[in-house]
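Residue numbers -21 to -1, 1 to 288, in mature numbering (1 follows the signal peptide of the UniProt record, and there is no 0), belong to the letters of the sequence shown in order.
Yeah, the Cβ is synthetic: ideal placement off N, Cα and C, and Gly gets one too.
On a predicted model such as this, the values are computed, not experimentally measured, just so you know.
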Amino acid sequence: MARISILIILVALCCMNTIEGRSFRELFRQVFEEVEYDKLVLVNTWGPSFCEKANCEIISTYKKNWTIHGLWPFKSNMKNTPIDCTGEFINDEINDIRNEMNLKWPTYKKGGIKINFWKHEYEKHGTCMNDLETFNSPMKYFKNTIKLFDKYNIKKILADGDNAIRPSDTLKYPLAYITNALNKGLGVDPAVYCVERKKIQYLWEIRMCFNKILNPITCGASLVGGGKCNPLKKVLYPTFESKIEKGPPSGPKFMHDIAKMIGREMMRMNEEEEEEEEEEETELWENFMEDGNAEFMVENPFRQNSTAL
C-alpha cells in the first residue's frame, strides 16, 4: 500500500513543475540516476587580469565589469570532467540574446571572434549538460547561464564586503579580504583564481559552484587544476583603464592639438620655402657675378655714384 501511495505521488508530481521551474522528472533523474558530474561551475572572468596572461584587446566600449567565461559541468576531484558531448552550436538560435551576449560574454583575445568562442563553450561544455532541461539547447544554455550570472553581481559583492574590494592599479588586497567578501555575499565559498606576472598576483577568475538545481554550494578543494591564488601574497584587482587600448582622441582638446600640429607643419613648410628662395637668390647672384658683373658695376652710374658718395 505504501508503495502504491508513493507511486501515485510520483506520477502526480511528474505532471507538475517545481518552484525552480524544473520538472519533477528532471529532479528525479538528477537525484537517482548515475551521472558523470555532480556540480556546475560558473566561471566569471576579470578582463584586465586575463590580459596579463593572454594577447588581449580591451576597447573603451566594454563595460567595466566581470564577464562570463562559461558554465561547466564538473565532477568533484576528477581531472577529466565531461567535455565534447553530443550536440552542435547553431548560431541563429541565439539571435534574440546576441546583444546581451556581446556585452556579458565577450572574448578578450586579440583577433578573437565571439561566435567561435561561444561555439567552443557550448560544444565543449554545454553539450554535456543536455540531461538538464534548463540547458539542453544552445539558446537555453546561454540564456540561463546569463540569468545565473546576473543573479550574482560579483563586482558589487566584492565592493560590499567588510573590507571593500574595488579595482585599483596600486592597492593590493589580502586574499582573505576577497574570500570573506564573497562568502558574505554568496553564503558559500567559491574558488578564486589568480594569474601571476612579474611577481604580482592578479585577481583573474571567480568560479561559483552550483548543484543541479542551481543552488550555490561551496566549491572547496573539489576543483582541480592550476590557477589557485597564493594565500601568502596580496592580490591586485586592476582597473580596466590599465588595459584599455587607446582609440583616436576626440573633442576640443583633440581639435586644438590638430590645429597646433597643422600650424607647426605650415611654419616648417614656410621656413623650407624661404630657405629655397634664399638659395636661389644666392645662386643667381653668383652666376651674375661670373657673367661680367665687375664690368657692369664699373659702368653702372648708380654704382659709381654710390661709391662717390
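- In the structure shown, Ile179 adopts extended strand secondary structure according to DSSP, grouped into three states.
- As the crow flies, the alpha-carbon of Leu150 is around 7 Å from that of Leu215.
- In the three-state reduction of the DSSP assignment, Arg186 falls in the strand class.
- Beyond the five residues adjoining it in sequence on each side, His48 comes within less than 6 Å, by CB distance, of Val22, Thr24 in the same chain, given in chain order.
- Glu67 counts as exposed, since fewer than 16 other C-beta atoms from the protein chains shown sit within 10 angstroms of its C-beta.
- Between Glu31 and Val174, the C-beta spacing is below 8 Å.
- Within the segment 19 to 80, the complete alpha helix (DSSP H) runs of at least 4 residues fall at 26 to 29.
- In the DSSP annotation of this structure, the continuous segment of the alpha helix (DSSP H) that includes Tyr101 starts and ends at 93 to 103.
- Note: Ile136 is not bridge-paired with any residue in the DSSP secondary-structure output.
- Per the coordinates, the alpha-carbon of Lys177 lies some 19 Å from the alpha-carbon of Glu220.
- Rounded to whole angstroms, the gap between the alpha carbons of Asn78 and Tyr41 is 13 Å.
- According to the DSSP assignment, Met118 belongs to the alpha helix (DSSP H) that extends over 117 to 130.
- A distance below 7 Å between beta-carbons, with the five flanking residues on each side excluded, links Asn70 to the following residues of its chain, in chain order: Ile94.
- Looking at the DSSP output, Lys207 shares a beta bridge with Tyr172.
- Judged by DSSP secondary structure, Gly164 falls within the alpha helix (DSSP H) whose first and last residues are 154 to 165.
- Straight through space, the alpha carbons of Thr86 and Phe96 are spaced by roughly 7 Å.
- Taken atom to atom, the span from the alpha-carbon of Lys134 to that of Phe53 is near 25 Å.
- For the 8 Å CB-CB criterion, Leu193 and Leu127 form a contact.
- Ranked by Cα distance from Lys88, the first of Thr106, Pro117, Ala160, Ile38 is Ile38.
- Rounded to whole angstroms, the Cβ separation of Met187 and Pro210 is 19 Å, and the two are not in contact under 8 Å.
- Between the alpha carbons of Leu19 and Lys103 lies a gap of roughly 14 Å.
- Selection Lys122, Asn142, Pro217 evaluated against Asp75 yields Lys122 as nearest (Cα-Cα).
- Taking Gly164 as reference, the option from Tyr181, Met57, Ile196 with the minimal CA-CA separation is Ile196.
- In the three-state DSSP reduction, Leu82 falls in the helix class (H, G or I).
- Per the coordinates, the alpha-carbon of Pro217 lies some 13 Å from the alpha-carbon of Glu184.
- Here Met57 is exposed, its C-beta having fewer than 16 other C-beta atoms within 10 Å.
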